[in-house]
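J.: Okay, so the sequence shown: first residue is 17 according to the working numbering, each after it adds one.
By construction, the Cβ of each residue, glycine as well, lies at the ideal position given by its N, Cα and C atoms.
As the structure is a computational prediction, the values presented were derived from the model and not from experiment.
Please find one structure pasted underneath; my questions will follow.
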Amino acid sequence: MQKFIITITEENDELIQDSAIECYLLTSSLSKKFMSDFAKKAARAQKLVLVQGENAPALSKELGLDGFVLDVSHAEKIKAEYEKAKKAAGSDKVSGLIVRNRRHEAMIASECEPDFIIFQAWKEGLEHTRELVSWYSELFLIQSAILCEEGVDFENLNADIVILNDKSYKIFVAKKQRLD
């Protein structure tokens, strides 16, 4: 079964106690106080907290978060961007890299040895993403994650991790409970 990373976009910590969630992704636009408080509550619940967005690696270090997600989908020098981020965050941090849905870029990002590679899934082009993730999962040991557009059927994607926003996750849980 796929694991979930839930993106927290608003100052709300109600999902910390959800046993199905092991990791949260905070957006760097949230207040530092909220991020710090959220991380402490998540640590008590034995869950990971990552940050994404502007200055995410430095924020990860400053706030004592578990790691960061870096969007390298528009970077010309992925390795250099990643090395800079790891230096800012510290080598002990969990890291994920968002790539464009291209094989070559996924290979270059994997050479950096992050903890996971993130592919983006849209309703249009979903079949391409499905093929790419299957190919990647067969060749690489680094975990694959899917960052889903709302409404994408992620259950049929061969990814280890699914990244959903908090609202999409609540909708998914409600639908699943109805089906069960």
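1. Over the uninterrupted alpha helix (DSSP H) stretch that includes Val189, give me the two end residues.
2. Tell me whether Lys191 is buried or exposed, calling it buried when 16 or more other Cβ atoms sit within 10 Å of its Cβ.
3. I need the straight-line Cα distance from Asp183 to Lys93, nearest angstrom please.
4. Given that a residue counts as buried once 16 or more other Cβ atoms are within 10 Å of its Cβ, and exposed if not, what is Gly141?
5. Can you give, in chain order, each stretch of the beta strand (DSSP E) that sits fully within the region 27-101 and has at least 3 residues?
6. Quick one: does the C-beta of Ile162 sit closer than 7 Å to a heavy atom of the ligand PLP?
7. Does DSSP put Phe135 in a helix, in a strand, or in coil?
T.: A quick look at the data gives this:
1. For the purposes of this step, residue 189 is taken as residue 173 along the sequence shown, with counting starting at 1. Taken as a continuous stretch (DSSP letters only), the alpha helix (DSSP H) holding Val189 covers Asp182 to Leu195.
2. By 1-based counting over the sequence shown, the position of residue 191 is 175. Flag for Lys191 reads exposed.
3. For the purposes of this step, residue 183 is taken as the residue at position 167 of the sequence shown. For the purposes of this step, residue 93 is taken as the residue at position 77 of the sequence shown. The sequence as given places Lys at residue 183; Asp does not occur at that position. In a straight line, the C-alpha of Lys183 is about 34 Å away from that of Lys93.
4. Position 125 of the sequence shown, counted from the start, is the residue given in the question as residue 141. Answer is exposed; the Cβ neighbour count stays below 16.
5. Restricted to the region 27-101, the beta strand (DSSP E) segments that are unbroken, complete and at least 3 residues in length are 37-43, 64-68 and 83-87, listed in chain order.
6. Because no ligand of any kind appears in the structure shown, any question about the ligand PLP cannot be addressed here.
7. To locate residue 135, count along the sequence shown from 1; it is residue 119. Phe135 falls in the strand class under three-state DSSP.
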